[in-house]
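The block underneath contains the structure these notes are about, expressed in structure tokens.
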Amino acid sequence: MAFTTPGNSSFANQNGAASQLVFPQSQLITLKLEDSNFLIWKQQILTAIRGYGLESFISATTSPPDRFITPEEGNLPMLNPEYDIWQRQDQLLASWILSSLSQGNLILVVGLSSSKEIWNALEKNFASQSRARIMQHKLELQTMKKGNMTMREYLNKMKTCFDLLAAV
11 MAFTTPGNSS FANQNGAASQ LVFPQSQLIT LKLEDSNFLI WKQQILTAIR GYGLESFISA
71 TTSPPDRFIT PEEGNLPMLN PEYDIWQRQD QLLASWILSS LSQGNLILVV GLSSSKEIWN
131 ALEKNFASQS RARIMQHKLE LQTMKKGNMT MREYLNKMKT CFDLLAAV
């Protein structure tokens, strides 16, 4: 996923520094989210999100800027330009996350409008699957027997189970 920024889209981020809107493309994410690859997909997408400083959009601790501001006492509230830019960036990120989902997993997020809502729904759905996989791999390790495998095959099979557990 390469990110590009338009020339005149600067805004103040939460630290007060000028930032650019980030327009995601899909080159850095090499696979779509399927039922069997959540952990790999999550690692790829989180790495890119963090790399471009967008983790605050999916964080449980960060809120958007106020939608309205009152510039001076006695004046009517007006739309906050920072909120407008924040919302556009959130929608670009949401669009990018949606484009990385398989058609079968898009149904999980139908009707959700923010990147945070989409992210939370995916995490909730796949967390239980991850716990089940941990139990499955632990059981496989506990019951694994060498049988007629060569020592190399046996150790490779054990290593694969350990690696899968470590990935969870």
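Count along the sequence shown from 1, add 10, and you get the number used in the numbering used here. The C-beta atom is built at its ideal place from N, Cα and C for all residues, glycine as well. From a predicted model like this one, the values you see are computed outputs, not experimental measurements.
Less than 8 Å separating the beta-carbons of residue i and residue j?
i, j, result
"LYS42", "SER105", "no"
"LEU103", "LEU64", "yes"
"ILE39", "SER110", "yes"
"ILE68", "ILE59", "yes"
"PHE48", "GLN146", "no"
Between the C-alpha atoms of residue i and residue j, what's the straight-line distance to the nearest angstrom?
i, j, result
"SER20", "GLU92", "Low confidence applies here, because SER20 scores a pLDDT of 40, under 50, leaving its location unreliable; read the following figure in that light. Using only the alpha carbons, I get a separation of about 10 Å."
"ILE144", "SER73", "33 Å"
"THR80", "ASP94", "15 Å"
"LEU132", "LEU122", "11 Å"
"LEU175", "LEU31", "37 Å"
"ALA28", "MET154", "Confidence at ALA28 is low in this model, with a pLDDT of 41, below 50, so the placement of that residue is unreliable and no value is reported for it."
"GLU44", "LYS52", "11 Å"
"ALA70", "ASN130", "9 Å"
"GLN24", "PHE136", "Annotation note: pLDDT 48 at GLN24 (below 50); position unreliable, coordinate value reported separately. Looking at the two C-alpha atoms, the distance is approximately 30 Å."
"ASN166", "SER46", "21 Å"
"GLY6", "TYR62", "No information on residue 6 is available, as it lies outside the stretch 11 to 178 that the chain covers here."
Within 10 Å of its beta-carbon, does residue i have 16 or more other beta-carbons around it, so buried, or fewer, so exposed?
i, result
"LYS148", "exposed"
"GLN99", "buried"
"ASN115", "buried"
"PHE172", "exposed"
"LYS134", "exposed"
Residue i: which of the options sits nearest, CA to CA?
i, options, result
"LEU89", "LEU122, ALA70, ASN158 and ASP76", "ASP76"
"GLN152", "MET168, LYS134 and ARG162", "MET168"
"THR170", "GLU150, THR160, MET159 and ASN158", "GLU150"
Considering only residues of the same chain and omitting the five flanking positions on each side of residue i, which have a CB-CB separation below 6 Å?
i, result
"ILE128", "ALA104, ILE107, VAL119 and LEU122"
"TYR164", "LYS156"
Less than 8 Å between C-beta atoms, sequence neighbours within five positions excluded: which residues of the same chain meet that for residue i?
i, result
"GLN97", "PRO74"
Apart from the five residues just before and just after residue i, which ones in its own chain have a Cβ nearer than 7 Å to its Cβ?
i, result
"LYS126", "PHE67 and ILE68"
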